[in-house]
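Residue numbers (full-length UniProt numbering): 1 to 326.
Virtual Cβ for every residue (Gly too), placed ideally from N, Cα, C.
In what follows, a structure is listed as structure tokens, so that the remarks can point back to it.
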Amino acid sequence: MGNAALRELAAIEEVPFEEISGAVVAIDAHNWLYRYLTTTVKWTADGVYTTADGTEVANLVGVVQGLPKFFEHDIVPVFVFDGVVTDLKEAEIDDRRAAKERAEAEARAARERGDRVEAARLEARTQSLTETIQQTTRELLELLDVPYIEAPAEGEAQAAHMAKAGDVDYAGTEDYDALLFGAPLTLRQITSKGDSERMDLEATLAAHELTYEQLVDVGILCGTDFNEGVHGLGPKTAVKAIHEHGDLMSVLDARNAAIDDVESVRELFLDPDVTDDYGFDTALSPDIEAARTFVVEDWEIPADEVARGFERIEESVTQTGLDQWT
DNA sequence: CTCGAACA
DNA sequence: TGTTCGAGG
């Protein structure tokens, strides 16, 4: 869909990790877990990260391997979990569910004709963030004393809100929607090896001579997770149209186009369901032994899969002294 | 989401 | 030149 259109418009700059040392980042937990699981941990079909009763907990490996990245650069993550799913997102979720079911059927077929490699490849696409995955992630974060909060609705919106309020320095997500939710600064690619990317809302607005409200309108015209965009409108044309007509409604009128629930979608970005009722401590004192027991004994993850991760966490505690962050 | 190819 | 579409992660 048209979400990537925003990349074309966004003011993005690479930043070395040294430059963001000491930053507090509100991490979109869903986005982070998903990215980590698909790129680094490789959700597998062979059951390595599955308990005897068949529960998939690859997330625990992801968390243990992913946290050192923050610790080693003195970055404090505050994980933000999603709350209730917006009705408007249901269409998108239906699409994903359909894709997942298709992949499951294809995987079954591949397995039946004896193509194990193909079956494994397809099964990797059928994974989703289960309740267990989210809950065990919370429990592990608690043991490691890493702060997390619950969003009333979209985690993305809540992270943006915290950044806007100045309670964190950045929203952390791959999703360009962060811009539409009004996050002043967003960090992207915090999981990957190389430099991270900083996305700047003010600079984006300035570069295209748009107000924040107009940028939201441009995003909606191109399409978001919450609405289908207008056919034929990509980033360039949408900006041109907003300049010409002023706002979303005028553009739709002029082109004789319509978007389902436009007002609700706009409202969702401009006045999202978020809370100010959060608090977190950035001084961390992780209980590494308890965390290791939780992962290895309670959830049956092979000890060597997480050994290096825990080692790195331990090293950052003793070397930089996590509990000295305040 | 990202990339690359096809297409007005 | 900008948008769409499909495959892969």
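Could you pull the DSSP bridge partners for residue i from this structure?
| i | result |
| --- | --- |
| S196 | V15 |
Cβ atoms of residue j and residue i: under 9 Å apart, would you say?
| i | j | result |
| --- | --- | --- |
| L9 | H208 | yes |
| V274 | Y170 | no |
| residue 360 | P68 | Look at the range of the chain in this structure, 1 to 326, and you will see that residue 360 is not part of it. |
| A206 | A58 | no |
| E154 | T86 | yes |
| F310 | P147 | no |
| T191 | A163 | no |
| N3 | Y176 | yes |
| A238 | C222 | yes |
| T40 | G22 | no |
| D82 | A151 | yes |
| I313 | F71 | yes |
| I220 | F181 | no |
| Y36 | V15 | no |
| residue 368 | T51 | Given a span of 1 to 326 for the chain in the structure shown, any question on residue 368 remains unanswerable. |
| T173 | N31 | yes |
| D287 | L248 | no |
| E13 | H73 | no |
| L284 | D95 | no |
| V251 | L88 | no |
| D167 | Y278 | yes |
| I259 | G234 | no |
For residue i, name the three-state secondary structure that DSSP assigns.
| i | result |
| --- | --- |
| T237 | helix |
| T224 | strand |
| L129 | coil |
| L284 | coil |
| W325 | With a pLDDT of 46 at W325, under the threshold of 50, the modelled position of that residue is not reliable, and no figure is offered here. |
| R113 | coil |
| I313 | helix |
| A105 | helix |
| H245 | helix |
| E305 | helix |
| E267 | helix |
| E300 | coil |
| D260 | coil |
| V251 | helix |
| V295 | helix |
| residue 392 | With the chain covering 1 to 326 only, the question about residue 392 has no answer from this structure. |
| G219 | helix |
| T136 | helix |
| T318 | helix |
| V230 | coil |
| E289 | helix |
Below 8 Å on the Cβ atoms is my guess for residue i versus residue j; work out the distance and round it to an integer in Å.
| i | j | result |
| --- | --- | --- |
| L143 | A290 | 5 Å |
| L33 | L179 | The Cβ separation is near 22 Å, so there is no contact. |
| D261 | N227 | 7 Å |
| L60 | T130 | With 8 Å as the limit, L60 and T130 do not qualify as a contact, their Cβ atoms being about 13 Å apart. |
| E106 | F294 | About 35 Å; that fails the 8 Å criterion. |
| A110 | F79 | A110 to F79, Cβ: 36 Å. No contact. |
| L201 | A183 | 6 Å |
| P272 | A157 | 4 Å |
| I20 | I75 | 6 Å |
*What runs of the alpha helix (DSSP H), each 4 residues or longer, lie entirely inside the UniProt domain "XPG-I" (142-217)?*
Those alpha helix (DSSP H) runs which fall completely within the UniProt domain "XPG-I" (142-217) and span 4+ residues are 155-165, 177-180 and 201-208.
_What ranges does the alpha helix (DSSP H) occupy inside the UniProt domain "XPG N-terminal" (1-103), keeping only unbroken runs of at least 4 residues that lie completely in it?_
Fully enclosed alpha helix (DSSP H) runs of 4 or longer: 5-9, 29-36 and 58-72.
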